[in-house]
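S.K.: So that we are looking at the same thing, I have put the structure below in structure tokens.
Protein chains: 2
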Amino acid sequence: MSTSSPATIEDVARIAQVSIATVSRAIHTPEKVANSTRLKVNQAIAITGYTTNAMARSLRLGRSNMILVVAPDIGDPNFSNILVGLENEARAHGYGILIGHTQNDPQRGLEYLKFLNSNQAAGLILFTGILPFGHQSMTARLPPSVGVFEPVYNGGIPYVGVDDIEGARKAVDLLIAEGHRKIAFIGDSRTRLAYSRRRQGYDAGLDAAGVPAGERIILEGDGTIESGRLALEQLFMRDTLPSAFMCVNDQTAIGVMIGLGARGYDIPNDFSVTGFDDVPQASFMTPSLTTIRQPRTAIGKSAMALLFELLSDSEPTDTEILLRPDLIVRNSVSAPSRRFQKR
Amino acid sequence: MSTSSPATIEDVARIAQVSIATVSRAIHTPEKVANSTRLKVNQAIAITGYTTNAMARSLRLGRSNMILVVAPDIGDPNFSNILVGLENEARAHGYGILIGHTQNDPQRGLEYLKFLNSNQAAGLILFTGILPFGHQSMTARLPPSVGVFEPVYNGGIPYVGVDDIEGARKAVDLLIAEGHRKIAFIGDSRTRLAYSRRRQGYDAGLDAAGVPAGERIILEGDGTIESGRLALEQLFMRDTLPSAFMCVNDQTAIGVMIGLGARGYDIPNDFSVTGFDDVPQASFMTPSLTTIRQPRTAIGKSAMALLFELLSDSEPTDTEILLRPDLIVRNSVSAPSRRFQKR
DNA sequence: TCCCATGATGTAAACCTTTACATGGATCGT
DNA sequence: ACGATCCATGTAAAGGTTTACATCATGGGA
């Protein structure tokens, strides 16, 4: 029971008085073994406390039971909950997950590519829009892979995320419904493909509301708090201010809120603000931030499930799975201030 | 280069015109192989793009190059940054990290115990005060293990964290310096050992300031936002209110702040509040929360470094490594209100 | 000049599993 | 009653690596 080294299949075979082949079959293909034998084997397993040595198994099978999850930044507040979904689903399939952290350093990415090349992982989950393997990204032969949270540029890799267009549409529709027409979009068309889609949702909403393109205010940021504040400063230097700020993500929105607060404005009475993502901070801002929630755990679960579909070789059903985003109404949105209403 | 299956050590040997043993030596013990040979081998490696198959290596060596990190809740805001430190340090040693998520479910813990028993992980990092392996925890033979973030009850497992006593002392000293004497401690003596230590720091600080034990106000919570609010309500039902709330962690402090806000009080003018941990929300509260920072990335790095010391069999130098906590002064603390000063 | 120590390399076993193939007994149909 | 078929099980090879041991050449000391 508590011997010095873990029991092997041979120990089980000896006790059950069968061959190791039979033990292996009793475990993995029980229907191929007689009932009485299976019973003996199971008892022997219980006695020895046998667990199959995953390394030997992987070596023999030529594939491991690990899924590599690569993210540029593990510390990203969006990451941890997706990880929960990924882990749960993986474990349900008997797989473990391995964490890779590239910090956008191609050198580090390359090390994970080696990992993959030596068959250490059966599949790959990518938390980044660009393959993180530097110049080898083009030629790299990858195991079955799924992008999560944002589409992967390099093509051919299925993706699970939120419907960004619909989410943005929900935000803009709320603002329209409150009576806003001059809605600034503080976006980021460069770093993430998902962000361009949010812009599309914004445009679609204003199209539907009949706000001509000429009246739209578009600013470029890079999705950080600082860039939100900067974009705000730019706006104040122009003559036309919007009544509402629709931000490409919560970080940007937080920057805008900080900037407005510093200038002495009141949210939502002077200006309305919306974000996107529903990061944990969003509910702790003053006022709390109205935003679009990413169903993070569900995204992770769904992405991992898709990966297992790919692994089992059944044709992938969908190349893109978009989950429904939820509008989370809090306190950063109200009707436009009088200044705008009398216009 | 881009052949159908990954190159093996045999491919390298053939090209370098040496035996596979020599290749293995050239890689792992280069000093045992002639310079000229080493050169040939390295060239062959470059040509084939060989990466050593970690599964075969692990099988042969009887130990893997993976470290299992088990946490009850991966989503914990404290977790992700520690993970960054853990991952960086592990990778520097050529190890990968594997994530285990127990959700306090012994059944799940048991599955990870199997993992360990089948030698799938060379070491274990525990993010929880109790071994998560259910009733088998007592007898489980574990690989070298290190507790992180909070001490592991079951003993014998070294621990890396912050100096909770010193951290709490810094918070209480700040409050004393501001002129507070009636300082309530909202604690949690049950769920985490670390929390009891914070209580010790509180007592030590008040001892030093000459505040008699009889004047101290101690409440029990469980470290959640809700429990902070509840504790506050209890206090308001008594006749003596403190001038400051020292909370065992940020979550509790946030609960207290919300409760005080709901009752119409102003922080810090009416009451001062301190937290512990410096979770991301702390800086976004209104007012921002004065707290004690856990150097999370450093803790992770240090814990993993200690684990490698254990792995390399050199006697563990320290059974407990305590990092220095930093006082982060923000806006939730000021001198006591006049009500208390005129006492 | 011969022997031995030394250093470099090769041979082969071992790590633990899975599975193609072989074996042997039982069952069934004729 | 005999051959064919099927089912349960065993035998052995293979997967890629590391390393103890064997081998062989080289050079130095006597």
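Chains A and B, in that order, are what the protein sequence lines are.
Each residue of the first sequence is one higher than the one before, starting from 169 at the first, in the numbering used here.
Each residue of the second sequence is one higher than the one before, starting from 169 at the first, in the numbering used here.
Think of the CB as a built atom: it goes at the ideal place given N, C-alpha and C, for glycine as much as any other residue.
If you're wondering where the values come from, they're calculated on a predicted model, not measured in any experiment.
To the nearest angstrom, how far is the alpha carbon of Glu-388 (chain A) from that of Lys-338 (chain A)?
M.R.: Spanning the two alpha carbons is a distance of roughly 21 Å.
S.K.: I need the boundaries of the beta strand (DSSP E) containing Tyr-363 (chain B), first residue and last residue.
M.R.: Element bounds for Tyr-363 (chain B): not the beta strand (DSSP E) but the alpha helix (DSSP H), 361-377.
S.K.: Where does Asn-287 (chain A) land, buried or exposed, given buried means 16+ other C-beta within 10 angstroms?
M.R.: Burial call: buried.
S.K.: Using a beta-carbon distance below 9 Å, is Asn-203 (chain A) in contact with chain B?
M.R.: No, because no Cβ of chain B sits closer than 9 Å to the Cβ of Asn-203 (chain A).
S.K.: Can you find a C-beta in chain A that's less than 9 Å from the C-beta of Val-252 (chain B)?
M.R.: It does: the Cβ of Val-252 (chain B) has a partner Cβ on chain A nearer than 9 Å.
S.K.: Does Glu-318 (chain B) come out as helix, strand or coil in the three-state DSSP assignment?
M.R.: Coil at Glu-318 (chain B), not helix or strand.
S.K.: In angstroms with no decimal places, state the Cα-to-Cα distance between Cys-415 (chain A) and Ala-258 (chain B).
M.R.: Near 38 Å, if we compare the C-alpha coordinates of Ala-258 (chain B) and Cys-415 (chain A).
S.K.: Beta carbons nearer than 7 Å to chain A: which residues of the region 447-465 of chain B have them?
M.R.: Those residues of the region 447-465 of chain B that come within reach of chain A (Cβ to Cβ, closer than 7 Å) are Pro-448, Gln-449, Phe-452, Met-453, Thr-454.
S.K.: Mind listing, in chain order, the continuous beta strand (DSSP E) runs of no fewer than 3 residues lying wholly within the region 243-295 of chain A?
M.R.: 264-269, 291-294, all fully within the region 243-295 of chain A.
S.K.: Decide if Glu-178 (chain B) is buried, meaning its Cβ has at least 16 other Cβ atoms within 10 Å, or exposed.
M.R.: It is exposed - the Cβ of Glu-178 (chain B) has fewer than 16 other Cβ atoms within 10 Å.
S.K.: Over what stretch of residues does the alpha helix (DSSP H) that includes Phe-353 (chain A) continue unbroken?
M.R.: Premise fails: Phe-353 (chain A) lies in the beta strand (DSSP E), 351-355, not in any alpha helix (DSSP H).
S.K.: Below 8 Å CB to CB, which residues in the same chain sit around Val-424 (chain A) once its five sequence neighbours on both sides are set aside?
M.R.: These residues qualify, in order along the chain: Ile-354, Gly-396, Arg-397, Ala-399, Leu-400, Phe-413, Cys-415, Val-441.
S.K.: Which residues does DSSP pair with Val-512 (chain B) in a beta bridge?
M.R.: Residue 512 (chain B) is absent from the model: chain B starts at 169 and stops at 511.
S.K.: Using CA coordinates, which residue listed in A:Pro-380, A:Asp-390, A:Gly-291, A:Ile-267 is at the minimum distance from Asp-418 (chain A)?
M.R.: Closest by alpha carbon: A:Asp-390.
S.K.: Please determine, among A:Thr-307, A:Val-191, A:Arg-507, A:Gly-373, the residue with the shortest C-alpha to C-alpha distance to Leu-342 (chain A).
M.R.: Looking at the Cα atoms, A:Gly-373 is the closest of the given residues.
S.K.: Along the region 286-314 of chain B, what residues have a CB closer than 8 Å to any CB found in chain A?
M.R.: The residues in question are Ser-286, Asn-287, Gln-288, Thr-307, Arg-309.
S.K.: For Ile-344 (chain A), collect the residues of the same chain with a Cβ closer than 7 Å to its Cβ; drop the 5 residues on either side in sequence, then sort them by chain order.
M.R.: Taken in chain order, the residues that qualify are Gly-373, Ala-377.
S.K.: Between A:Leu-229, A:Asn-246, A:Glu-255, A:Leu-227, which has its C-alpha nearest Ala-239 (chain B)'s C-alpha?
M.R.: It is A:Glu-255 whose Cα lies nearest to the Cα of Ala-239 (chain B).
S.K.: Counting only beta-carbon separations shorter than 9 Å, does Ala-421 (chain B) have a partner in chain A?
M.R.: It does not; no Cβ of chain A falls within 9 Å.
S.K.: Can you give me the start and stop residues for the beta strand (DSSP E) that Ser-440 (chain A) sits inside?
M.R.: It spans 440-442 - the beta strand (DSSP E) in which Ser-440 (chain A) sits, taken as one unbroken run.
S.K.: Sorted by chain position, which residues of the same chain lie with C-beta nearer than 7 Å to Ile-386 (chain B)'s C-beta, five sequence neighbours on each side aside?
M.R.: If we look at Ile-386 (chain B) and ignore the five residues flanking it on each side, its Cβ neighbours are Phe-353, Gly-355.
S.K.: Closest Cβ-Cβ distance between Ser-395 (chain A) and chain B: below 9 Å?
M.R.: So no, Ser-395 (chain A) is outside the interface.
S.K.: Short of 7 Å in beta carbon distance, which residues of its chain neighbour Ser-187 (chain A), apart from the five on each side in sequence? Order them along the chain.
M.R.: Same-chain partners within the cutoff: Ala-181.
S.K.: Alpha carbons only, please: which of A:Leu-474, A:Ser-357, A:Lys-350, A:His-269 is nearest the one belonging to Leu-403 (chain A)?
M.R.: Among A:Leu-474, A:Ser-357, A:Lys-350, A:His-269, the Cα nearest to that of Leu-403 (chain A) belongs to A:Lys-350.
S.K.: Distance cutoff 9 Å, beta carbons only. Does Ser-440 (chain B) sit that close to anything in chain A?
M.R.: False, the Cβ-Cβ gap to chain A never drops below 9 Å.
S.K.: Just checking: is the beta-carbon of His-261 (chain B) within a distance shorter than 9 Å of some beta-carbon in chain A?
M.R.: Taking Cβ atoms only, chain A never reaches closer than 9 Å to His-261 (chain B), which makes this a no.
S.K.: Would you mind working out which of B:Arg-193, B:Lys-469, B:Ala-450, B:Thr-465 sits nearest Val-497 (chain B), comparing C-alpha positions?
M.R.: Nearest option by C-alpha distance: B:Ala-450.
S.K.: Check whether the Cβ atoms of Gly-315 (chain B) and Arg-360 (chain B) lie closer than 9 Å to each other.
M.R.: Cβ atoms of Gly-315 (chain B) and Arg-360 (chain B): not closer than 9 Å.
S.K.: Do we get a CB-CB distance below 9 Å when we pair Gly-391 (chain A) with the residues of chain B?
M.R.: No, because no Cβ of chain B sits closer than 9 Å to the Cβ of Gly-391 (chain A).
S.K.: So which residues on chain B does Lys-282 (chain A) lean against when the C-beta distance must stay under 7 Å?
M.R.: Those within 7 Å of Lys-282 (chain A) in chain B are Thr-219.
S.K.: Which of the three DSSP states, helix, strand or coil, is assigned to Ser-226 (chain A)?
M.R.: It is helical.
S.K.: Closer than 7 Å by beta-carbon distance: list the chain A residues that pair up with Phe-247 (chain B), in chain order.
M.R.: The answer, in chain order, is Ser-248.
S.K.: Looking at the structure shown, is Ala-175 (chain A) part of a helix, part of a strand, or coil, going by DSSP?
M.R.: The answer is coil: DSSP assigns Ala-175 (chain A) none of H, G, I, E or B.
S.K.: Note down, one range per segment and in chain order, each alpha helix (DSSP H) of at least 4 residues found wholly within the region 388-415 of chain B.
M.R.: Counting whole runs of 4 or more residues, the region 388-415 of chain B contains the alpha helix (DSSP H) stretches 393-405.
S.K.: Should Gly-246 (chain A) and Gly-243 (chain B) be called a contact, given that it needs their Cβ atoms to be closer than 9 Å?
M.R.: The sequence given here has Asn at residue 246 (chain A), not Gly. Taking 9 Å as the Cβ cut-off, Asn-246 (chain A) and Gly-243 (chain B) do not qualify as a contacting pair.
S.K.: Just to confirm the assignment, what range does the beta strand (DSSP E) spanning Thr-459 (chain B) have?
M.R.: Element bounds for Thr-459 (chain B): 459-461.
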